[in-house]
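Below is one structure; the comments refer to it alone.
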Amino acid sequence: ADGDAAAGAKVFKKCAACHTATEDKNKIGPTLMGIVGRPVASIEGFKYSDAMKKHAEEVPTWTEEALYTYLHDPKGVAKGTKMIFVGLKKDQDVNDVIAYLKDPSAA
Ligand code: HEM
Numbered sequence: 240a241d242g243d244a245a246a247g248a249k250v251f252k253k254c255a256a257c258h259t260a261t262e263d264k265n266k267i268g269p270t271l272m273g274i275v276g277r278p279v280a281s282i283e284g285f286k287y288s289d290a291m292k293k294h295a296e297e298v299p300t301w302t303e304e305a306l307y308t309y310l311h312d313p314k315g316v317a318k319g320t321k322m323i324f325v326g327l328k329k330d331q332d333v334n335d336v337i338a339y340l341k342d343p344s345a346a
């Protein structure tokens with residue numbers, strides 16, 4: 240989509256308590272390094288919820304479209320997820336954060 244990575248870096252502050260996008264390191268949530276195109280629930284050693292493992296069977300890959308839907312409404316998309324986050328309301332914020340996640344070095 241038409242996201243802006245620099246704007247997305249600012250949106251990512253809402254995620255940064257729980258995720259890094261630039262290090263191979265899990266926090267409360269799994270690393271988001273390389274998340275665009277990555278298989279769902281695939282970080283070795285991260286303890287995903289049963290809800291996220293089930294989501295992986297339905298939607299195997301974090302495509303931009305899958306991220307778009309999930310980030311608008313995490314709990315609606317992966318019912319029972321342990322990601323405690325209401326989601327992003329604005330379409331532009333979602334597109335921007337996806338652009339950032341695709342290429343953090345562009346921010
Ligand atoms: C999982 C993105 C905010 C905690 C995930 C996943 C993505 C994601 C794509 C799935 C990762 C995978 O399949 O490996 C984001 C983005 C955020 C955000 C872009 C901000 C817009 C947060 C916040 C928290 C959090 C604020 C903590 C309060 C988690 C946890 C999981 C997760 C615990 C694992 C979920 C489960 O196993 O059910 N996040 N997240 N995230 N996130 Fe976030």
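Heads up, the numbering used here is the position in the sequence shown plus 239, with the first residue counted as 1. Note that CB positions come from ideal geometry on N, CA and C, so glycine has one too. Computed from a prediction, not measured in an experiment: that's the story for all the values here.
Using 8 Å as the threshold, is the stretch 241-260 in touch with the stretch 329-345, meaning 3 or more CB pairs across them? yes
For residue 244, is the beta carbon positioned less than 7 Å from some heavy atom of the ligand HEM? no
Between the C-alpha atoms of residue 345 and residue 243, what's the straight-line distance to the nearest angstrom? 9 Å
If you count every other CB in all the chains shown that lies within 10 Å of the CB of residue 320, and 16 or more means buried, which is it? buried
DSSP three-state call for residue 278: helix, strand or coil? strand
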